[in-house]
Amino acid sequence: MQIRVLGCSGSIAAGCRTTAFLLDGDVLIDAGTGVGDLTLDEMVAVDHIVVTHSHLDHVLAIGLLADSVTRRRRAADRPPIGVHALPETIAALKTHVFNGVIWPDFSRLPDATNPVLRFVPLAVGETLRLGRHTLEVLPARHTVPAVGYAVHGSEGAWVFTGDTGPNPALWQRLATMKVAALVIETAFRDDERELAGISQHLCPALLAQELRQLTHPTEVCITHIKPGEVEAVMSEIAALGSPHRVRSLRTGDVMTLVVAADASAPAAAD
Numbered sequence: 001m002q003i004r005v006l007g008c009s010g011s012i013a014a015g016c017r018t019t020a021f022l023l024d025g026d027v028l029i030d031a032g033t034g035v036g037d038l039t040l041d042e043m044v045a046v047d048h049i050v051v052t053h054s055h056l057d058h059v060l061a062i063g064l065l066a067d068s069v070t071r072r073r074r075a076a077d078r079p080p081i082g083v084h085a086l087p088e089t090i091a092a093l094k095t096h097v098f099n100g101v102i103w104p105d106f107s108r109l110p111d112a113t114n115p116v117l118r119f120v121p122l123a124v125g126e127t128l129r130l131g132r133h134t135l136e137v138l139p140a141r142h143t144v145p146a147v148g149y150a151v152h153g154s155e156g157a158w159v160f161t162g163d164t165g166p167n168p169a170l171w172q173r174l175a176t177m178k179v180a181a182l183v184i185e186t187a188f189r190d191d192e193r194e195l196a197g198i199s200q201h202l203c204p205a206l207l208a209q210e211l212r213q214l215t216h217p218t219e220v221c222i223t224h225i226k227p228g229e230v231e232a233v234m235s236e237i238a239a240l241g242s243p244h245r246v247r248s249l250r251t252g253d254v255m256t257l258v259v260a261a262d263a264s265a266p267a268a269a270d
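Numbering (my numbering), first residue to last: 1 to 270.
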């Protein structure tokens, strides 16, 4: 199983694309501006989009992708693309994006019987089986309702926290899970800690407090750093020290997760 990093920046600039991960070619985890780097054929192959929350940097490409693939998927008699999200996130998307004012409602286009998008509500703790993939919905704490995801494999889980501030419920769940890799956001420098708190994000000092709750040494990939801030944020993280292997995530990275043929359920820690 491969997870391709399409975007991992906290905003846009040349070479910086916002959050989107492609799982084995058919599942998008968030749909920020990084989706725009996919070819049309790659977009047509996407059957599911799992969304962490409603903020624009994570959902902007859903409607644009739908517009791009409508004709090709209809000609191939492909089913609607499942957009999996919290009910509150779906309501926000319907009210503020797919409303005919900001963007057409592709859950009713090209017609209500055969739309290109299908909104599917989910809940924290739920296990999603999307084709051959098993994903678990994890808790997150943000300024809007939000979740993270764990993609389960036979050698552990690839965990994406989504946008979240300090989050005890997440670490309670991860304590019972074998974590092969953790993708966690750190959006601000330490001198912006107050802003991080207000916006429910992390800074290096808060990240260090969170990672102390991850008891086994793990690969930790930092995401959502603002353009121009990667060196400063990563220097502050390095200065704190950590038993984990910490690096900044980059657009174009490919992460591999081993999945056994019969791995259909969440992997528990030993």
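Where a beta carbon is used, it is the ideal one built from N, C-alpha and C, also for glycine.
Taking 9 angstroms as the threshold (beta carbon to beta carbon), is residue i in contact with chain D?
i           : result
proline 139 : Going by chain labels, chain D is absent from the structure shown, which holds only one protein chain.
With distances taken between CB atoms, is the gap from residue i to residue j smaller than 9 angstroms?
i              : j            : result
leucine 135    : alanine 150  : yes
valine 144     : leucine 122  : no
serine 9       : lysine 226   : yes
proline 87     : arginine 118 : no
glycine 63     : aspartate 37 : no
leucine 257    : isoleucine 3 : yes
aspartate 47   : arginine 78  : yes
arginine 49    : histidine 96 : Checking the displayed sequence, the identity of residue 49 turns out to be isoleucine instead of arginine. No, the pair does not count as a contact, with Cβ atoms beyond the cut-off.
leucine 65     : valine 35    : yes
arginine 189   : cysteine 221 : no
aspartate 57   : threonine 33 : yes
methionine 255 : alanine 146  : no
threonine 70   : valine 116   : yes
With respect to the alpha helix (DSSP H) encompassing residue i, which residues constitute its N-terminal and C-terminal limits?
i              : result
tryptophan 171 : 168-174
arginine 72    : 56-75
methionine 255 : Note, methionine 255: premise wrong, no alpha helix (DSSP H); beta strand (DSSP E) at 254-256.
leucine 40     : 40-44
alanine 239    : 230-240
alanine 205    : 204-211
leucine 195    : 193-199
Let's see if you can read the secondary structure: which residues bound the beta strand (DSSP E) around residue i?
i                : result
valine 159       : 156-160
glutamine 2      : 2-7
threonine 113    : Where threonine 113 is concerned, there is no enclosing beta strand (DSSP E), given that its DSSP letter is neither H nor E.
isoleucine 12    : Isoleucine 12 -> no beta strand (DSSP E), and no H or E assigned at all.
isoleucine 49    : 48-50
leucine 122      : Per DSSP, leucine 122 belongs to no beta strand (DSSP E) and is neither H nor E.
arginine 129     : 127-130
phenylalanine 21 : 20-23
Measure the beta-carbon distance from residue i to residue j and round it to whole angstroms, keeping in mind my assumption that it falls under 8 angstroms.
i             : j             : result
glycine 165   : threonine 52  : The pair is not a contact, with the Cβ atoms about 14 angstroms apart (cut-off 8 angstroms).
aspartate 111 : alanine 140   : At roughly 35 angstroms, the Cβ-Cβ gap does not stay under 8 angstroms, so aspartate 111 and alanine 140 are not in contact.
threonine 218 : histidine 244 : 5 angstroms
valine 5      : aspartate 253 : 4 angstroms
aspartate 24  : histidine 152 : Contact flag wrong, Cβ pair sits at about 13 angstroms.
threonine 176 : histidine 224 : Not a contact, Cβ separation roughly 26 angstroms.
valine 59     : alanine 31    : 6 angstroms
alanine 208   : leucine 240   : 5 angstroms
Have a look at the DSSP bridge pairing and note the partners of residue i.
i              : result
leucine 138    : Gly148
isoleucine 184 : Ile222
threonine 95   : DSSP lists no partner for threonine 95.
arginine 247   : Cys221
alanine 85     : Pro121
- Task: Taking 8 angstroms as the threshold, find out whether the stretch 89-108 comes into contact with the stretch 150-165 through three or more Cβ pairs.
- Result: no
- Query: Are three or more beta carbon pairs between the stretch 83-96 and the stretch 2-16 nearer than 8 angstroms?
  - Reply: no
- Message: Between the stretch 232-245 and the stretch 189-204, can you find at least three pairs of beta-carbon atoms closer than 8 angstroms?
- Response: yes
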